[in-house]
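The structure appears right after this line, and notes come after that.
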Amino acid sequence: MSNIRIAAGIVAAENDRRAAALDADYAALGEKLARGGVDIGAITDKVSEFFVAVPSWGVGTGGTRFARFPGQGEPRHIFDKLDDCGVIQQLTRATPTVSLHIPWDKADPNELKAKAETLGLGFDAMNSNTFSDAADQAHSYKYGSLSHVDAATRAQAVDHNIECIELGAALGSKALTVWVGDGSNFPGQTNFTKSFERYLAAMAEIYKALPEDWRLFSEHKMYEPAFYSTVVQDWGTNYLIAQTLGPKAQCLVDLGHHAPNTNIEMIVARLIQFGKLGGFHFNDSKYGDDDLDAGSIEPYRLFLVFNELVDAEYRGVKGFHPAHMIDQSHNVTDPIESLISSANEIRRAYAQALLVDRAALSGYQDGNDALMATETLKRAYRTDVEPILAEARRRAGGAIDPVATYRASGYRAKVSAERPAVKGGSGGIV
Ligand SMILES: [Mn+2]
């Protein structure tokens, strides 16, 4: 098991070329922020401590239900995937954990831990898969899993989730994310109430198996793979699940899982208010669950979500510690480059949200000054925080320009020589 890292000399040489420009840009931004009473050092420290988990499935090339076009040097198994995740962390210093998907990433926990440790990685939330059939399973999930009409199929799905918890516990993970593909394609195909009752009873079994310090995240999704109804269709149903199961159950918000034009930042605020925001699957979308790169379509929406998160952080909301995870499908880019860029965009939204003058905003809100209130958000959003992001990476040993450094390293060509091309392959949207 070789660890393929980018040589430290390459990162240093690339950083040297950009150091003087960054020093000047950082000083200029620091001066500008200081005029508004903001200490750039404090913002940089906070950004440095903000992390987002990389999905193991994100480092392979994704696909659609039409086709998948494999990329060069694709990871063949979880250990290759961890190598790729290690490179993302090495360059960004923003992604120290990996979120595993079982059974895709199933392996000996000791080997997984040992490999991750050599790469400086840890493990974030575990993800179960009852939306497709594994080769050796007794009962099919074609007509559902945790809400299936057949008790033996439900029990099999519950057992799989418990297996994910056990593997995760051995790896140091602290959460299980459950997303089911259960639903229906035709009116009348399923009974809404009975299927939700069956789902809740099955989730209660999983909840019982959680270690004391674990959380259970349920993820809602409006449609796909079911096209008429899904059992966990929206944040209201998701909230009911978390409320019914107990304090360790919280809602996971995948940014792509809502109807078009939904005010996602407002959902985030509601879930925070009632202690049920578990975390995020960051991505972006134009039409549906497109799983495009975070911040690539609607960066202002991402900022508005972070505006709610920072508001909660500064208010010191009790028990507020959402899990930050990326969930994307990379069909036309090098997945490593997309994940590097997404991690940066997520940190960018956080940094911009930290710059919002909250005292002024509160004053404008109380004074019904709509124009100045929204301008206060815009002023923070318009700030080019790139020098802060680059400085945070540099201080932590990462790359000032991580994509350029990745390209200069020739990593993809190197792994292409070691990893034979994958033939065919299936759809990759999750
Ligand atoms: Mn997701």
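According to this note's numbering, the sequence shown is numbered sequentially starting from 127. Glycine included, each C-beta is placed from N, C-alpha and C at the ideal position.
In this structure, the CA atom of R161 is about 10 Å from the CA atom of L155. Contact between S254 and I214 is absent: CB atoms are separated by about 24 Å, not below the 8 Å threshold.
Exclusion of the five residues before and after L326 leaves I367, T370, L371 as the residues of its chain whose Cβ lies within less than 8 Å of its Cβ. Of the heavy atoms belonging to ligand 1, at least one sits nearer than 6 Å to the Cβ of H407. For G414 and D380, the gap between their C-alpha atoms comes out near 12 Å. Boundaries for A145: no beta strand (DSSP E) harbours it, while the alpha helix (DSSP H) harbouring it runs 134 to 161, taken from the DSSP string. By the Cβ neighbour-count rule, Q454 is buried, with 16 or more other Cβ atoms within 10 Å of its own. Ranked by Cα distance from V306, the first of H346, T319, E323 is H346.
Partner residues in the beta bridge of C377, as assigned by DSSP, are S344, L403. Judged by DSSP secondary structure, V173 falls within the alpha helix (DSSP H) whose first and last residues are 166 to 174. A residue is called buried when at least 16 other Cβ atoms come within 10 angstroms of its Cβ; Q491 does not meet this threshold and is exposed. When DSSP states are grouped into helix, strand and coil, D210 belongs to the helix group. Its Cα nearest to that of E175, the residue R521 stands out among R521, Y532, S542. Per the coordinates, the alpha-carbon of D417 lies some 6 Å from the alpha-carbon of D410. Secondary structure note for H286: it is in no beta strand (DSSP E), and the uninterrupted alpha helix (DSSP H) holding it is 277 to 297. Membership of S225 in the beta strand (DSSP E) is indicated by the continuous run 223 to 225. If you ignore the 5 residues before and after P235, its C-beta comes within less than 8 Å of the C-beta of L293, A296, L297, all in its own chain and listed in chain order. Between ligand 1 and the CB of D419, the shortest heavy atom gap is not smaller than 6 Å. Taking the Cβ atoms as the reference, A179 lies roughly 15 Å from I462, outside the contact range of under 8 Å. Fully enclosed alpha helix (DSSP H) runs of no fewer than 4 residues occupy 496 to 508, 512 to 521, 528 to 535 of the segment 489 to 540, in order along the chain.
Sorting G135, N311, D206 by C-alpha distance to the C-alpha of R545 places D206 at the top.
Boundaries of the alpha helix (DSSP H) around I466: 461 to 480.
By the Cβ neighbour-count rule, Q478 is buried, with 16 or more other Cβ atoms within 10 Å of its own. Cβ-Cβ distances below 7 Å link H286 to S254, T256 in the same chain, with the five nearest sequence neighbours on each side left out; the list follows chain order. For D380, the shortest C-beta to heavy atom distance toward ligand 1 is below 6 Å. For L378, the closest of S310, P386, I393 by C-alpha to C-alpha distance is I393.
Ligand 1 never approaches D165 closely enough for any of its heavy atoms to be under 6 Å from the residue's Cβ. D453 has its Cβ nearer than 6 Å to a heavy atom of ligand 1.
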